[in-house]
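Trainee: Protein chains in written order, with the working numbering: chain S, 41 to 237; chain P, 41 to 237; chain E, 41 to 237; chain L, 41 to 237.
Using N, Cα and C, we set each Cβ at its ideal position, and we do this for glycine too.
Please read these numbers as outputs of a predicted model, since none were measured by experiment.
Below is one structure. I have some questions about it.
Number of protein chains: 4
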Amino acid sequence: MLSTVDGSFMSSPEAPALRADARRNRARILESGAAVFAERGASASTEEVAARAGVAIGTVFRHFPTKKDLLQAIIKDLLERLTDEVNALASEGDPATALFTFFGRMVREAAEKKTVADLLAADMGAGIQVAGPVQTLQEAIGTLLTGARHAGAVREDVRLDEVLALLTATCQGALSAGWDPDLRRRTLAIVFDGLRP
Amino acid sequence: MLSTVDGSFMSSPEAPALRADARRNRARILESGAAVFAERGASASTEEVAARAGVAIGTVFRHFPTKKDLLQAIIKDLLERLTDEVNALASEGDPATALFTFFGRMVREAAEKKTVADLLAADMGAGIQVAGPVQTLQEAIGTLLTGARHAGAVREDVRLDEVLALLTATCQGALSAGWDPDLRRRTLAIVFDGLRP
Amino acid sequence: MLSTVDGSFMSSPEAPALRADARRNRARILESGAAVFAERGASASTEEVAARAGVAIGTVFRHFPTKKDLLQAIIKDLLERLTDEVNALASEGDPATALFTFFGRMVREAAEKKTVADLLAADMGAGIQVAGPVQTLQEAIGTLLTGARHAGAVREDVRLDEVLALLTATCQGALSAGWDPDLRRRTLAIVFDGLRP
Amino acid sequence: MLSTVDGSFMSSPEAPALRADARRNRARILESGAAVFAERGASASTEEVAARAGVAIGTVFRHFPTKKDLLQAIIKDLLERLTDEVNALASEGDPATALFTFFGRMVREAAEKKTVADLLAADMGAGIQVAGPVQTLQEAIGTLLTGARHAGAVREDVRLDEVLALLTATCQGALSAGWDPDLRRRTLAIVFDGLRP
DNA sequence: GATGAATGAGTCTTCATTCAT
DNA sequence: GATGAATGAAGACTCATTCAT
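Rendered as C-alpha cells:
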C-alpha cells in the first residue's frame with residue numbers, strides 16, 4: 041500500500057502541526073490499535089494498545105481523548121486506505137475484473153489481518169461516526185461496479201447496495217471463521233458466479 | 041418450535057434432578073440471556089440477564105458457574121433449535137427448495153432478532169466450545185445440501201463448507217448492517233444464483 | 041420462613057429494605073465519608089472513605105453509585121440531623137435563647153467536627169442538589185427567629201436571610217480557621233449583640 | 041491599586057534578573073491563576089491556568105516548580121495588595137470609618153470576584169505557607185482597629201482576633217453563598233452594630 | 001527561556017465472582 | 001436453593017510533573 045499511516049508529508053491543512061515525535065507516536069498508536077482491536081475485539085484495553093505502541097497510557101489519551109476517538113480514527117484510516125486502493129484499481133485496471141479483484145483482496149485481508157470488517161461491524165453500534173469516509177469508499181466501489189457492468193462482467197440489474205452487502209458479509213464471515221485460502225476461493229467463486237450475467 | 045428451552049425431561053442421566061423452580065429459573069435465564077446478549081452484545085452484564093429473568097444474580101451463577109458457561113449454554117440451545125428446524129425441513133419439505141428456505145429463514149431471523157450469528161461470531165473467539173452441537177447442525181444442513189444437489193437445484197461441485205461459509209457470512213452481514221427485507225431478498229438472490237447449476 | 045422479608049421493622053416506607061449488614065455498612069460509609077471529606081475536602085478519594093469504613097471500594101459504589109451521590113447523601117444526612125435539633129429546640133426551649141443556643145452549637149460543631157459548612161460550601165458548586173432538606177432546615181430556623189423576635193431577644197427588623205448568612209459565614213469561618221472556644225465565644229458575642237434590640 | 045502584579049523592580053536581591061518576556065509571563069500566570077482558581081476552586085488544572093495565560097504548561101512549571109508554589113504565590117500577591125489597601129486607608133481616611141470601609145470592601149470583592157477567602161480557606165489546609173504576608177496584613181488591620189477604637193467607633197473590649205474572625209467568616213460566607221448587595225448590606229449592618237459601643 | 005509531548009501514579013467506576021444470610 | 005451484599009481486579013480517563021525539541 042502506498043499511503044503512509046501518519047500522513048506526514050501531506051497532513052490536512054487545518055491539522056495542528058504535530059512535532060515529529062508526536063507524529064511518529066500517533067502513527068504507532070493507530071497501527072498497534074488496529075492490530076490489538078482486530079485480535080482481541082473492540083473491548084481490548086487501551087493499556088494494551090499503549091504497550092504495543094511502546095508509549096505510556098497517557099500518550100494514547102493525549103492523541104485520542106477517548107477510546108471511541110481512537111476506534112474512530114483507526115476505522116477512518118482503514119477506510120481511507122481502502123478508498124485509495126479502489127481508486128487505483130478504477131483508474132488502472134481492467135474494468136471487467138477490477139471489482140472482483142478488489143472484492144477478493146478485501147476478503148483476503150479480512151481473513152489475514154482480521155481488521156476491516158471486525159472494526160466496521162463491532163463498533164458501528166457504539167455510536168462511532170465515520171459516515172463521511174464510509175460514503176467515499178462506497179462511491180469509489182460504485183465506480184468499479186459501473187465499470188464492471190459496462191464491461192459485461194456483472195449483470196445489469198445488480199445494484200450497489202447488494203454488492204456492498206455481500207462484501208461486508210463475506211469480510212465478516214472470513215474474519216470470524218478464519219477461512220483458509222481454498223475455502224475463500226470457492227466461496228467467492230459462488231458469489232461472483234451469482235453476480236455474472 | 042417444538043424444543044423445550046430447559047430440556048427438563050431429557051437432562052443427562054447423572055445430573056441431579058432439579059427442583060421445579062430451579063428448572064423454571066434455568067429456562068428463564070437462558071431465555072433472557074439470549075435476548076440481552078443479542079441486544080447488547082456479549083459484553084452485556086450478567087446482572088442485566090438476571091434482572092430480565094427476574095432472579096437474583098446469585099441464581100444465575102448457581103446455574104452457570106461462569107459467564108462463559110452461560111454464553112455456551114445459550115449458543116448450544118440455539119444450535120439445537122436450529123438443528124430441529126433443519127431436520128424438520130429435511131423430512132418434510134421439497135429437497136429442491138429446502139436448503140434455500142432454511143438459508144433465507146436463518147438470515148431473516150438474524151436480521152430481525154439479532155441473535156444467531158452475533159453469538160456465534162462474537163464469542164467463538166473467547167474460547168467457547170460448542171463443537172458437538174455445531175457439528176450436529178452442520179451435518180443436518182449437509183443433508184439439505186445433498187437433497188438439493190440430487191434434485192438438481194444446486195451445482196454438483198458445491199461443497200458443504202462453502203454453503204456454511206456463505207450462511208455464516210450473510211447472517212453476520214444481515215445482523216450488523218440491518219438489511220431490510222428488500223435488500224435481503226436481492227442479496228440472497230445473488231448467492232442462490234451462484235449456487236445453482 | 042418466619043423472619044420478615046426485609047428484616048427491618050422501622051425503615052422508612054419507601055426504602056428498599058436493606059439487609060442488616062448492608063444497613064450497617066451504609067451507615068458506616070456515611071460516617072466515614074463525613075469524616076474524610078471534612079478533613080481532606082471534597083476531593084478526597086472514595087477509596088479512603090471505603091478504607092476508613094472498613095469495606096471494599098465496590099461496597100461504597102453499590103450504596104452510592106456515584107461520588108456525587110455519596111456527597112449528597114452525607115449532606116442530606118447532616119441537614120436532617122440539624123433540622124431535628126432545631127425542631128427540638130423550638131418545641132422545648134426558651135424562645136428568647138433558642139436561636140442563640142442553636143447558632144452557638146452549630147458553630148461549635150463546625151469548629152470541632154469540621155463538617156457542616158465545609159460540605160455545604162465546597163460542594164454546592166458541583167451541582168449537588170439538596171434543595172429540599174436545605175429549605176426544611178431554613179424554615180425550622182425561621183421558627184426559632186420568630187420566637188426570638190416575639191420574646192424581644194432579637195430586633196424586629198432582622199430578617200431570616202441575614203441570620204442564615206451570618207450562620208453560614210461563622211460556621212465556615214470557624215471551620216477553616218479553627219476558632220478556639222474563647223475566640224468563638226467573643227466572636228459570636230459581637231454577632232449576637234448586633235442582633236439584639 | 042499601587043502594587044505591581046509582577047513585582048518586577050522589587051524582586052528579592054539574589055534572584056537572577058528575569059528577561060522581559062519571562063517577567064511578563066510570570067505576571068500573566070499569576071493573574072490567570074487567580075482567576076481560574078477563584079472560578080473553579082483550587083482543584084482546577086494547571087493546564088487551564090496556562091491556557092488562560094496564553095503560555096505553554098512548561099512555562100508555568102518553570103516559574104512555579106509546583107502547583108503548591110503557584111497557589112502560594114497567588115495568595116501572597118493577594119495579601120500584599122490587601123495590605124497596601126489597608127495602609128492607604130490607615131494613612132488617609134477617617135479612623136472612625138476606615139475599618140468598616142475596608143471590611144465592607146473586602147466582603148464585596150469576595151462576593152464579586154470570588155477570590156480572597158476562597159484561596160485563603162480552600163488551600164490553607166494543604167500546607168501552604170504564607171505566614172509572613174498574612175501577619176503583615178493582620179497588623180495593618182490592627183492599626184485600623186486601634187484607630188477606630190480611639191475614635192469611639194468600636195467598643196474598647198473588641199480585640200483584633202475577633203475582627204479578623206468576623207472578616208474571614210463574612211468573606212467566605214459572601215463568597216460561597218453569593219450574597220447580593222442588599223443582603224450584604226443588611227448582614228454587615230448587624231456585625232457593625234455588634235462592634236459599636 | 002519557551003514549548004508541548006510523554007510519563008505514570010491516582011481516581012472513578014464497572015462487573016464477574018464469592019459467600020453470608 | 002435463592003438472595004443480594006461484598007469483594008477486588010480491571011479499565012477509562014485526568015493531571016502534576018519531567019524533559020526532549
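Could you tell me which chain S residues have their CB closer than 9 Å to the CB of Leu206 (chain P), listed as they occur along the chain?
Mentor: Here residue 206 (chain P) refers to the residue found at position 166 when the second sequence is read from its first residue. Ordered by position in chain S, the residues that pass the 9 Å Cβ test against Leu206 (chain P) are Ala209, Thr210, Gly213, Thr227, Ile230, Val231.
Trainee: Considering Cα atoms alone, identify which of L:Ala191, L:Val174, L:Ile69, L:Lys107 is closest to Asp134 (chain L).
Mentor: The count along the fourth sequence starts at 1 and reaches residue 134 (chain L) at position 94. Looking at the Cα atoms, L:Ala191 is the closest of the given residues.
Trainee: Tell me, to the nearest whole angstrom, how far the beta carbon of Arg199 (chain S) is from that of Pro237 (chain S); I am working on the premise that it is less than 8 Å.
Mentor: Your numbering for residue 199 (chain S) matches position 159 in the first sequence. Your numbering for residue 237 (chain S) matches position 197 in the first sequence. Rounded, the Cβ-Cβ distance is 15 Å, inconsistent with contact.
Trainee: So, is the C-beta of Leu177 (chain L) closer than 7 Å to a C-beta in chain E?
Mentor: As a position in the fourth sequence, residue 177 (chain L) is number 137, starting the count at 1. No - not a single Cβ of chain E is within 7 Å of the one on Leu177 (chain L).
Trainee: Along chain L, in chain order, which residues have C-beta atoms closer than 7 Å to that of Ala217 (chain E)?
Mentor: To locate residue 217 (chain E), count along the third sequence from 1; it is residue 177. Going along chain L in sequence order, the residues near Ala217 (chain E) (Cβ under 7 Å) are Ala205, Thr208.
Trainee: For the region 69-81 of chain P and the region 111-118 of chain P, state whether three or more C-beta atom pairs, one from each stretch, are separated by less than 8 Å.
Mentor: yes
Trainee: Kindly indicate the opening and closing residues of the alpha helix (DSSP H) around Val213 (chain L).
Mentor: Here residue 213 (chain L) is taken as the residue at index 173 of the fourth sequence, counted from 1. Rather than Val, the amino acid found at residue 213 (chain L) in this sequence is Gly. Where Gly213 (chain L) is concerned, the enclosing alpha helix (DSSP H) stretches over 200-217.
Trainee: From Ala161 (chain S) to Leu119 (chain P), what distance separates their C-alpha atoms?
Mentor: By 1-based counting over the first sequence, the position of residue 161 (chain S) is 121. By 1-based counting over the second sequence, the position of residue 119 (chain P) is 79. With a pLDDT of 49 at Ala161 (chain S), under the threshold of 50, the modelled position of that residue is not reliable, and no figure is offered here.
Trainee: If you draw a straight line from the C-alpha of Met164 (chain L) to the C-alpha of Ala138 (chain L), how long is it?
Mentor: Taking the first residue of the fourth sequence as 1, we reach residue 164 (chain L) at position 124. Taking the first residue of the fourth sequence as 1, we reach residue 138 (chain L) at position 98. Confidence at Met164 (chain L) is low in this model, with a pLDDT of 43, below 50, so its placement is unreliable and no value can be given for it.
Trainee: Taking 8 Å as the cut-off, does the region 199-211 of chain S touch the region 121-134 of chain S (at least 3 CB pairs, one atom from each stretch)?
Mentor: no
Trainee: In terms of residue numbering, what span does the alpha helix (DSSP H) encompassing Val76 (chain S) cover?
Mentor: The residue you call residue 76 (chain S) lines up with position 36 of the first sequence. 60-80 is the span of the alpha helix (DSSP H), which, as asked, contains Val76 (chain S).
Trainee: Val198 (chain E) versus chain L: which residues are under 9 Å apart at the beta carbon?
Mentor: The sequence position of residue 198 (chain E) within the third sequence is 158, counting from 1. Neighbours of Val198 (chain E) on chain L, chain order: Arg226, Ile230.
Trainee: Have a look at P:Phe143, P:Arg92, P:Pro105, P:Thr186 and flag the residue whose alpha-carbon is nearest the alpha-carbon of Ala209 (chain P).
Mentor: In the second sequence, counting from the first residue as 1, residue 209 (chain P) sits at position 169. Closest by alpha carbon: P:Phe143.
Trainee: Have a look at Ala128 (chain E) and Leu215 (chain L) and give me their C-alpha separation to the nearest angstrom.
Mentor: Locating residue 128 (chain E) in the third sequence gives position 88, where the first residue counts as 1. Locating residue 215 (chain L) in the fourth sequence gives position 175, where the first residue counts as 1. One alpha carbon belongs to Ala128 (chain E), the other to Leu215 (chain L), and they sit about 31 Å apart.
Trainee: Enumerate, from N- to C-terminal direction, the unbroken alpha helix (DSSP H) stretches of 4 or more residues contained entirely within the region 104-156 of chain S.
Mentor: 107-132, 135-153, all fully within the region 104-156 of chain S.
Trainee: To the nearest angstrom, how far is it from the Cα of Ala229 (chain S) to the Cα of Thr141 (chain P)?
Mentor: The sequence position of residue 229 (chain S) within the first sequence is 189, counting from 1. The sequence position of residue 141 (chain P) within the second sequence is 101, counting from 1. Their backbone Cα atoms lie some 22 Å apart in a straight line.
Trainee: Taking the alpha-carbon positions, what's the Ala96 (chain L) to Thr106 (chain L) distance?
Mentor: Along the fourth sequence, read from residue 1 onward, the residue named residue 96 (chain L) stands at position 56. Along the fourth sequence, read from residue 1 onward, the residue named residue 106 (chain L) stands at position 66. Computed Cα separation, rounded: 15 Å.
Trainee: Looking only at its chain, what residues have a beta carbon closer than 8 Å to the beta carbon of Arg80 (chain E), apart from the 5 residues adjacent to it on each side?
Mentor: Translated into positions along the third sequence, residue 80 (chain E) becomes position 40. Contacts found: Glu88.
Trainee: Compute every distance between the C-beta of Leu110 (chain E) and the non-hydrogen atoms of the ligand HEM, then say whether any falls below 6 Å.
Mentor: Judged by which ligands are present, the structure shown has none, so any question about the ligand HEM falls away.
Trainee: If we call anything under 7 Å between Cβ atoms a contact, is Thr123 (chain E) one with Ala62 (chain E)?
Mentor: The count along the third sequence starts at 1 and reaches residue 123 (chain E) at position 83. The count along the third sequence starts at 1 and reaches residue 62 (chain E) at position 22. Going by C-beta atoms, Thr123 (chain E) is not nearer than 7 Å to Ala62 (chain E).
Trainee: Could you tell me the distance, in whole angstroms, from the CA atom of Thr183 (chain L) to the CA atom of Val126 (chain L)?
Mentor: Along the fourth sequence, one-based indexing puts residue 183 (chain L) at 143. Along the fourth sequence, one-based indexing puts residue 126 (chain L) at 86. When rounded, the distance between both Cα atoms is 9 Å.
Trainee: I want to see whether chain E comes within less than 7 Å of Gly192 (chain L), judged by CB atoms only; does it?
Mentor: Residue mapping note: residue 192 (chain L) aligns to position 152 of the fourth sequence, counting from 1. No - not a single Cβ of chain E is within 7 Å of the one on Gly192 (chain L).
Trainee: Does the Cβ of Asp187 (chain E) have 16 or more other Cβ atoms within 10 Å, making it buried, or fewer, making it exposed?
Mentor: On the third sequence, residue 187 (chain E) is found 147 positions in, with the first residue counted as 1. Per the sequence presented here, residue 187 (chain E) reads as Gly, with Asp not at that position. Burial of Gly187 (chain E) is indicated by the presence of at least 16 other C-beta atoms within 10 angstroms of its C-beta.
Trainee: Quick one: what does DSSP say Arg92 (chain L) is sitting in, helix, strand or coil?
Mentor: For the purposes of this step, residue 92 (chain L) is taken as residue 52 along the fourth sequence, with counting starting at 1. Arg92 (chain L): helix per DSSP, three-state reduction.
Trainee: Span of the alpha helix (DSSP H) holding Val174 (chain P)?
Mentor: By one-based count along the second sequence, residue 174 (chain P) stands at place 134. Per DSSP, Val174 (chain P) belongs to the alpha helix (DSSP H) from 171-190.
Trainee: Does any C-beta atom of chain E lie closer than 7 Å to the C-beta of Ser83 (chain L)?
Mentor: As a working note, residue 83 (chain L) is residue 43 in the fourth sequence. Any Cβ of chain E closer than 7 Å to the Cβ of Ser83 (chain L) would place that residue at the interface, and such an atom is present.
Trainee: Tell me the residue span of the alpha helix (DSSP H) that contains Pro237 (chain P).
Mentor: Position 197 of the second sequence holds residue 237 (chain P). Segment: none, Pro237 (chain P) is in no alpha helix (DSSP H) and carries neither H nor E.
Trainee: Could you have a look at Arg195 (chain P) and say whether DSSP puts it in helix, strand or coil?
Mentor: Here the question's residue 195 (chain P) lines up with position 155 in the second sequence. The answer is coil: DSSP assigns Arg195 (chain P) none of H, G, I, E or B.
Trainee: Using a Cβ-Cβ cutoff of less than 8 Å, which residues in the same chain neighbour Arg68 (chain P) once the five nearest sequence positions on both sides are dropped?
Mentor: Translated into positions along the second sequence, residue 68 (chain P) becomes position 28. Cβ neighbours of Arg68 (chain P) beyond the five flanking positions: Ala93, Gly94, Val95.
Trainee: Write down the C-beta distance between Val231 (chain P) and Leu204 (chain P) rounded to the nearest angstrom, noting that I regard them as a contact closer than 8 Å.
Mentor: Residue mapping note: residue 231 (chain P) aligns to position 191 of the second sequence, counting from 1. Residue mapping note: residue 204 (chain P) aligns to position 164 of the second sequence, counting from 1. Approximately 13 Å separates the beta-carbon atoms of Val231 (chain P) and Leu204 (chain P); this is outside 8 Å, ruling out the contact.
Trainee: Can you tell me whether Arg224 (chain E) is buried or exposed, with buried defined as 16 or more other CB within 10 angstroms of its CB?
Mentor: Here residue 224 (chain E) corresponds to residue number 184 of the third sequence, with the count starting at 1. Classification of Arg224 (chain E): buried, given that the 10 Å Cβ count is 16 or more.
Trainee: Asp222 (chain S) by DSSP, collapsed to three states: which one?
Mentor: For the purposes of this step, residue 222 (chain S) is taken as the residue at position 182 of the first sequence. Reduced to three states, the DSSP call for Asp222 (chain S) is helix.
Trainee: Is it true that the CB of Ala171 (chain L) sits closer than 7 Å to the CB of Cys211 (chain L)?
Mentor: For the purposes of this step, residue 211 (chain L) is taken as the residue at position 171 of the fourth sequence. For the purposes of this step, residue 171 (chain L) is taken as the residue at position 131 of the fourth sequence. The answer is no: Cβ separation not under 7 Å.
Trainee: Measure the alpha-carbon distance for Gly213 (chain L) versus Ala78 (chain L) and round it to whole angstroms.
Mentor: Position 173 of the fourth sequence, counted from the start, is the residue given in the question as residue 213 (chain L). Position 38 of the fourth sequence, counted from the start, is the residue given in the question as residue 78 (chain L). Looking at the two C-alpha atoms, the distance is approximately 15 Å.
Trainee: Of the residues E:Arg148, E:Arg189, E:Ala193, which one's Cα is nearest the Cα of Asp222 (chain E)?
Mentor: Numbered from 1 along the third sequence, position 182 holds the residue referred to as residue 222 (chain E). Among E:Arg148, E:Arg189, E:Ala193, the Cα nearest to that of Asp222 (chain E) belongs to E:Arg148.
Trainee: Mind listing the chain L neighbours of Leu118 (chain E)? Cutoff is C-beta to C-beta under 9 Å, in chain order.
Mentor: Taking the third sequence and counting its residues from 1, the one referred to as residue 118 (chain E) is at position 78. Below the 9 Å Cβ cutoff, chain L contributes no neighbours of Leu118 (chain E), its closest Cβ being approximately 16 Å away.
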